[in-house]
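My numbering puts the first residue of the sequence shown at 175, with every later residue one more than the last. Built from N, CA and C at the ideal position, the CB exists for glycine as well. What follows is one structure encoded as structure tokens, with my remarks underneath.
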Amino acid sequence: MTGMPAPSSFALPDLCVLQFQGADAVSFLHAQVSNDLEHLAADRACIAAYCTAKGRSLATMVLWREENETVFALVRRDLSEALIKRLRMFVLRSKVAISLAELQVYGVADSSAAQAVWNVRHEGGDTLIQAPGDLDGLNRHWRISPQQDANAQTSEGRWETADILAGLPWISADTQDLFIPQTLNLDLIDGINFKKGCYPGQEVVARSHYRGTIKRRMMAARTAVLDTAPQTPEAADVFLVSQNAEPLAAARIINRAWHNGQQRLYVLMEVVLADLEQGQFQLEQGQALELQPLPYALPELSAFDGTN
Numbered sequence: 175m176t177g178m179p180a181p182s183s184f185a186l187p188d189l190c191v192l193q194f195q196g197a198d199a200v201s202f203l204h205a206q207v208s209n210d211l212e213h214l215a216a217d218r219a220c221i222a223a224y225c226t227a228k229g230r231s232l233a234t235m236v237l238w239r240e241e242n243e244t245v246f247a248l249v250r251r252d253l254s255e256a257l258i259k260r261l262r263m264f265v266l267r268s269k270v271a272i273s274l275a276e277l278q279v280y281g282v283a284d285s286s287a288a289q290a291v292w293n294v295r296h297e298g299g300d301t302l303i304q305a306p307g308d309l310d311g312l313n314r315h316w317r318i319s320p321q322q323d324a325n326a327q328t329s330e331g332r333w334e335t336a337d338i339l340a341g342l343p344w345i346s347a348d349t350q351d352l353f354i355p356q357t358l359n360l361d362l363i364d365g366i367n368f369k370k371g372c373y374p375g376q377e378v379v380a381r382s383h384y385r386g387t388i389k390r391r392m393m394a395a396r397t398a399v400l401d402t403a404p405q406t407p408e409a410a411d412v413f414l415v416s417q418n419a420e421p422l423a424a425a426r427i428i429n430r431a432w433h434n435g436q437q438r439l440y441v442l443m444e445v446v447l448a449d450l451e452q453g454q455f456q457l458e459q460g461q462a463l464e465l466q467p468l469p470y471a472l473p474e475l476s477a478f479d480g481t482n
């Protein structure tokens, strides 16, 4: 297609795949996460949160089922070992084995026919899952493969930036136990099923939903063009600067990506909705953040137009 960027395949070493194998794999995981696995079709994936009893997210994961009593979960690699250890504590008599799958994760951006978000298909032994959002106008999907791809590029922050602009949150080891699923906007991207039975944190999640008490949401933002990448880790504070007032820690980084080509830092951050009209957000080092529109509406901010 004339004028379209070339297809790209990116290695995504920050992600890995957990495998749940056994007769009770679906029922076990269904009872642990915020979404409905029992009715998940074989050609569909879903996003979900795994929470503490207090409703704080310990992981976000993209889940899909296979016919051979197997469920796979795409998660951040830095929390995978602790996540496996914790989930094994609750197996008890369930017939399920939990392990780190020997699979590689790639992000593919191409001009293939667009599929519905979360669509799952199989090609040549690989699993392809349609990801939300686009990358420079190209369709995005994760490719899960048992094979190494020697031709895969380093992302240079492009794929991670696309995740941020799609409003897709990844809980990491640094951000575990900090955010409820609604703060991560999971209710807005079909990541919470409010009709399913109990799972850890379900009462807190449901209470926030039915009482309409969501005071914090996830927003996307970016810096201006910078000479060097700010040393801003996930879970770092973001500051609110109001007129004639000292900067006040008022938000927190959920995800961050340095886009090497643009020389900008992109972030997903938890903000108090009431603060959106109070001033300018900035990083601890002083770099201003410009809010970016998300591809889905925030019901509490129906008039929000994507700018401060």
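Where glutamate 444 is concerned, there is no enclosing alpha helix (DSSP H), although the beta strand (DSSP E) around it starts and stops at 438–446. For the pair of segments examined, the region 323–341 was found to touch the region 426–443: the number of CB pairs separated by less than 8 Å reaches three. Of all C-beta pairs linking the region 194–207 to the region 311–328, fewer than three are shorter than 8 Å, placing the two stretches out of contact.
DSSP, read as helix, strand or coil, puts tyrosine 470 in coil. Leucine 450 and aspartate 411 have their C-alpha atoms roughly 16 Å apart. Secondary structure in the region 225–301: the beta strand (DSSP E) runs of 3 residues or longer, each lying completely within the stretch, are 231–240, 244–250, 271–274, 278–284 and 294–297 in chain order. Here serine 231 is buried, its C-beta having at least 16 other C-beta atoms within 10 Å. In the DSSP assignment, tryptophan 432 is bridged to Leu439. Within the same chain, and ignoring the five residues on either side of aspartate 217 in sequence, the residues whose Cβ sits closer than 6 Å to its Cβ are Val294. Each of Ile303, Cys372 and Ala380 was checked against the Cα of proline 355, and the nearest Cα belongs to Ala380. In the DSSP assignment, serine 382 falls outside any beta strand (DSSP E) and within the unbroken alpha helix (DSSP H) covering 376–385. Annotation for arginine 332: the continuous alpha helix (DSSP H) segment containing it runs 332–339. Of the candidates Leu358, Gly311, Tyr384 and Ser286, the residue whose Cα lies closest to the Cα of lysine 369 is Tyr384. Of the candidates Ala233, Gln322, Gly365 and Asp308, Gln322 places its Cα closest to the Cα of glycine 299.
By the criterion of a C-beta distance shorter than 7 Å, alanine 423 is surrounded in its chain by Asp411 and Phe413, once the five residues flanking it on both sides are discounted. At a Cβ-Cβ threshold of 8 Å, leucine 253 and valine 191 do not count as neighbours. Around the beta carbon of tyrosine 373, 16 or more other beta carbons lie within 10 angstroms, which makes this residue buried. Per DSSP, phenylalanine 194 lies in no alpha helix (DSSP H); the unbroken beta strand (DSSP E) holding it starts and ends at 189–195.
Ile221 is the residue among Ala395, Leu465 and Ile221 whose C-alpha sits nearest the C-alpha of tryptophan 292. With contacts defined as CB atoms closer than 8 Å, phenylalanine 264 and glutamine 206 qualify as a contacting pair. Between the alpha carbons of arginine 396 and serine 268 lies a distance of about 45 Å.
Aspartate 411 carries a strand assignment under DSSP once its states are collapsed to helix, strand and coil. According to the DSSP assignment, histidine 213 belongs to no beta strand (DSSP E), since it is labelled neither H nor E. Nearest to glutamine 304 by alpha-carbon distance, out of Ser319, Ala288 and Glu444, is Ala288.
Straight-line spacing of the CA atoms in histidine 213 and glycine 281 works out to 27 Å. In this structure, the straight-line span from the alpha carbon of valine 415 to that of phenylalanine 455 is close to 6 Å.
For serine 346, there is no enclosing beta strand (DSSP E), as DSSP marks it with neither H nor E.
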